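Trainee: Count the sequence shown with full-length UniProt numbering and you get residues 1 to 237, in order.
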Amino acid sequence: MSRIQQEIKHFTELEYIWSGQKTPAGQKRYDNKAVLFRKICKPVAKDKVLEIGSGDGVFTKRLKGIKSQIVATDITPAVIERSKKIIKFEGLTYKIENCEKMSFKNKSFDIVCGISILHHVNTKKTLQECYRVLKDGGRLFFTEPNLLNPIINITTNIKPLRKVMEYSPGEKALLKKDVEKILHDTGFSLVSVKNYDFLLPWAPQSMISFLETAGTVLEKIPFLKEISGSLLIYAEK
Numbered sequence: 001m002s003r004i005q006q007e008i009k010h011f012t013e014l015e016y017i018w019s020g021q022k023t024p025a026g027q028k029r030y031d032n033k034a035v036l037f038r039k040i041c042k043p044v045a046k047d048k049v050l051e052i053g054s055g056d057g058v059f060t061k062r063l064k065g066i067k068s069q070i071v072a073t074d075i076t077p078a079v080i081e082r083s084k085k086i087i088k089f090e091g092l093t094y095k096i097e098n099c100e101k102m103s104f105k106n107k108s109f110d111i112v113c114g115i116s117i118l119h120h121v122n123t124k125k126t127l128q129e130c131y132r133v134l135k136d137g138g139r140l141f142f143t144e145p146n147l148l149n150p151i152i153n154i155t156t157n158i159k160p161l162r163k164v165m166e167y168s169p170g171e172k173a174l175l176k177k178d179v180e181k182i183l184h185d186t187g188f189s190l191v192s193v194k195n196y197d198f199l200l201p202w203a204p205q206s207m208i209s210f211l212e213t214a215g216t217v218l219e220k221i222p223f224l225k226e227i228s229g230s231l232l233i234y235a236e237k
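(1) On the DSSP letters alone, give me the boundaries of the beta strand (DSSP E) that GLY138 sits inside.
(2) For ILE117, list the residues DSSP reports as bridge partners.
(3) Return yes when the Cβ of GLY229 is within less than 7 angstroms of the Cβ of ASN149, no when it is not.
(4) By DSSP, does LYS95 sit in helix, in strand, or in coil?
(5) Suppose you measure from the CA of ILE221 to the CA of LYS105; what does that come to, to the nearest Å?
(6) Where does GLU90 sit, in a helix, a strand or coil, going by DSSP?
(7) Kindly indicate if chain B contains any beta-carbon less than 7 angstroms away from that of GLU180.
(8) Taking the alpha carbon of LYS131 as the point to measure from, which residue in PRO24, THR155, TYR234 has its own alpha carbon closest?
(9) Determine contact between the stretch 95-114 and the stretch 44-61, defined as no fewer than three beta-carbon pairs at a distance below 8 angstroms.
(10) Got a sec? Which residues, its chain only, sit under 6 angstroms from ARG62 by beta carbon, not counting five neighbours each side?
(11) Exposed or buried, which one is LYS237 when buried takes at least 16 other CB atoms within 10 Å?
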């Protein structure tokens, strides 16, 4: 079974994409990602936005109100069908797509984005496809788990913990230097891969504000910032 087939099987059988996104802290993390997306990419009404690996639409629904045309894609049909039933707003369409080989024409989108998707797929092939479908001057935005984070590293590499965490068979975390190299080699400009996010998805609600404040400090400290929970990825074509 190929990696793509394993991903489809895994997410078809799951009741929801990942338990960590359902917690109060998990929801706050998605709120923060949406704020960053709007701040960095500055989407406008005339933009055409492609979301890769939209899953259950946890990020998709937070794009409501940007007035852009949004195409939310995922390779798992069951996941797309779930999202279609619960997340609907003007300008949003859904499409089943393999992000490593998309059906869209060259230079179709102003923005390509995705949340925690590149570590599920062939990162190089996917970013090359993103480059292909982006218009000249188009913006790329992803957030991905950081392999140097101790918790992510341990849960990724210990098999029993992978099952507890509901990781798919081919799922892995990413290293900043690897992502930077792929982006540069692919031809992207203004490449930025930053460490951010020290808010744990399972943190109690009473600790969210404290951890966010502490995180903004840790993100500025050399060496310590390298173990952040996520990588914030931005580039332009």
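Every residue, glycine too, gets a C-beta built ideally from N, C-alpha and C. As the structure is a computational prediction, the values presented were derived from the model and not from experiment.
Mentor: In short, the structure shows the following:
(1) For GLY138, the enclosing beta strand (DSSP E) begins and ends at 134-145.
(2) Its beta-bridge partners do not exist; DSSP assigns none.
(3) Yes; because the gap between Cβ atoms is below 7 angstroms, this pair is in contact.
(4) When secondary structure is reduced to three states using DSSP, LYS95 falls in the strand class.
(5) Each residue's Cα considered, the two are about 43 angstroms apart.
(6) The three-state reading of DSSP puts GLU90 in coil, since its state is none of H, G, I, E or B.
(7) The structure shown has no chain B; it contains just one protein chain.
(8) Note that residue 131 is Tyr in the sequence shown, not Lys. Residue TYR234 is the option with its Cα nearest to TYR131.
(9) Touching, yes, given that three or more Cβ pairs across the two stretches are closer than 8 angstroms.
(10) Excluding sequence neighbours, ARG62 sits near ALA34.
(11) Buried, since its Cβ has 16 or more Cβ neighbours within 10 Å.
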